[in-house]
Amino acid sequence: MLKRTVKLLIVVLLILVIASFPDALQPRSGNIIVLKPYVFLDNIQAFFKNLSDGSLGTYKTGSQHRSIAADVGDNVMTSFLLMFTSMLASVTVSLLVGAFFPRSRISKAVYAIFAFLSAIPQFILIIFLIFGGVSFYKLTGYRVITLSMDKRFADFLFPVFILSIISTSYLLKLTVAKYNQIASEDYVRTGLSKGLSKSYLSLHHIFKNLRPYFVADLKKTLSLTAGSLFIVEYLFNILGVTRFIFADYLFAAVAVGFLSIVLITMFVYYFILLILFLFEKGFVYE
1 MLKRTVKLLI VVLLILVIAS FPDALQPRSG NIIVLKPYVF LDNIQAFFKN
51 LSDGSLGTYK TGSQHRSIAA DVGDNVMTSF LLMFTSMLAS VTVSLLVGAF
101 FPRSRISKAV YAIFAFLSAI PQFILIIFLI FGGVSFYKLT GYRVITLSMD
151 KRFADFLFPV FILSIISTSY LLKLTVAKYN QIASEDYVRT GLSKGLSKSY
201 LSLHHIFKNL RPYFVADLKK TLSLTAGSLF IVEYLFNILG VTRFIFADYL
251 FAAVAVGFLS IVLITMFVYY FILLILFLFE KGFVYE
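Okay, here's the thing in structure tokens:
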């Protein structure tokens, strides 16, 4: 517990230092940039002082200055819902296709699609999916993309879909690779020779050994999804936490934006672990 707390404090300090760099780098005549180290300490002290006073400062969007404290709650919830929903879909598809029903024709077809998508660079894949959404609208007249986001659930479906595709294409590939390795072990072959079904072995034996690797890969997938969140929220003009980062530079806004992403990622990770724990208690260890 102490080690995790220390790591978290180090991450917070690193974020505050990184967010201070634009203030600390002062241009001079002759294309010379001077680093002022005292700015880091001043910004960090001011940040924690404002935090203790219940104020997070302001950020600029367009010609308006808005209170960070007034907007941070809604923005954090928006980004959390995007990341959590997409990760939940990714975990569900990866386990169903890669661990529980890997031999079915549908699973093989789904895996082939995601294996192809995983070979495409992340940003290009997002642009490709957006063009696909536009083409779908032209063919059917049904709009799945909007660049003026509001609180309607339908407006979140396509961004969630994009994030799910990106995270699943990565997590599923790793899950299938580890499943194939575990499924070739002697105890699995022994179970099959004794008449145990493949689905029973997958759920009650292979999954138990797969889970530690799956959780480790989950952390990598969350990092990938958090990076994709920047692109998706920017392209779709979503009022999420990245809005603080993409707005005109202010130290407090950038710091709050990055810290919020770290907290969101942590909450999503532990929520997914809780769901996996409940799944194991209800189905694996029944």
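So the sequence shown is numbered by UniProt numbering: it starts at 1 and just counts up by one.
From the three backbone atoms N, C-alpha and C, an ideal C-beta is built for every residue, glycine too.
Bear in mind the structure is a predicted one, so any value in this text is a computation, not a measurement.
The residue from Ser-86, Leu-174 and Leu-81 with its alpha-carbon nearest to that of Val-97 is Leu-174.
Taking C-beta atoms as the reference points, Ala-99 and Phe-207 count as a pair closer than 8 Å. Nearest to Thr-225 by alpha-carbon distance, out of Ile-18, Asn-75 and Val-91, is Val-91.
Contact between Met-77 and Ser-167 does not hold, since the beta-carbon distance rounds to 20 Å and is not under 8 Å.
Contact fails between the segment 113 to 124 and the segment 256 to 271, because fewer than three Cβ pairs, one in each stretch, are under 8 Å apart. The C-beta distance from Tyr-234 to Phe-244 rounds to 12 Å, too long to fall under 8 Å, and the pair is not in contact. In the DSSP assignment, Thr-265 falls within the alpha helix (DSSP H) that extends over 251 to 279.
Membership of Leu-35 in the beta strand (DSSP E) is indicated by the continuous run 32 to 35. A direct Cα-Cα distance of roughly 11 Å separates Pro-121 from Tyr-170. Annotation: the continuous alpha helix (DSSP H) that includes Arg-105 extends over 105 to 118. By the beta-carbon neighbour count (other beta carbons within 10 angstroms, threshold 16), Lys-219 is exposed. When Phe-158, Leu-16 and Leu-276 are compared, the shortest CA-CA separation from Phe-214 is found for Leu-276. Using a C-beta cut-off of 8 Å, the segment 175 to 190 makes no contact with the segment 63 to 78, since fewer than three inter-stretch Cβ pairs fall below that distance. The alpha-carbon of Ser-223 is positioned some 23 Å away from that of Phe-21.
For the 8 Å CB-CB criterion, Val-262 and Leu-163 do not form a contact. Put simply, the backbone Cα of Phe-136 is about 7 Å away from that of Tyr-142. The Cβ-Cβ distance between Ser-79 and Leu-229 falls below 8 Å. The C-beta distance from Val-160 to Thr-85 rounds to 5 Å, short enough to fall under 8 Å. Taking a C-beta distance under 8 Å as the contact criterion, Leu-250 and Val-12 do not qualify as a contact pair.
In the DSSP secondary-structure assignment, Arg-28 is bridged to Ile-32. Its Cα nearest to that of Tyr-179, the residue Leu-201 stands out among Thr-190, Leu-201, Lys-194 and Ser-118. Per DSSP, the unbroken alpha helix (DSSP H) holding Tyr-200 starts and ends at 198 to 201. If you ignore the 5 residues before and after Gly-257, its C-beta comes within less than 7 Å of the C-beta of Val-241, Thr-242, Phe-244 and Ile-245, all in its own chain and listed in chain order. Rounded to the nearest whole angstrom, the CA to CA distance from Ile-165 to Tyr-38 is 44 Å.
Residue pairing of His-65 in beta bridges, as defined by DSSP: Lys-60. For Glu-233, the enclosing alpha helix (DSSP H) covers residues 207 to 235. Per DSSP, the continuous alpha helix (DSSP H) segment holding Tyr-187 begins and ends at 186 to 193. Around the Cβ of Met-1, a 10 Å sphere holds fewer than 16 other Cβ atoms; the residue is exposed.
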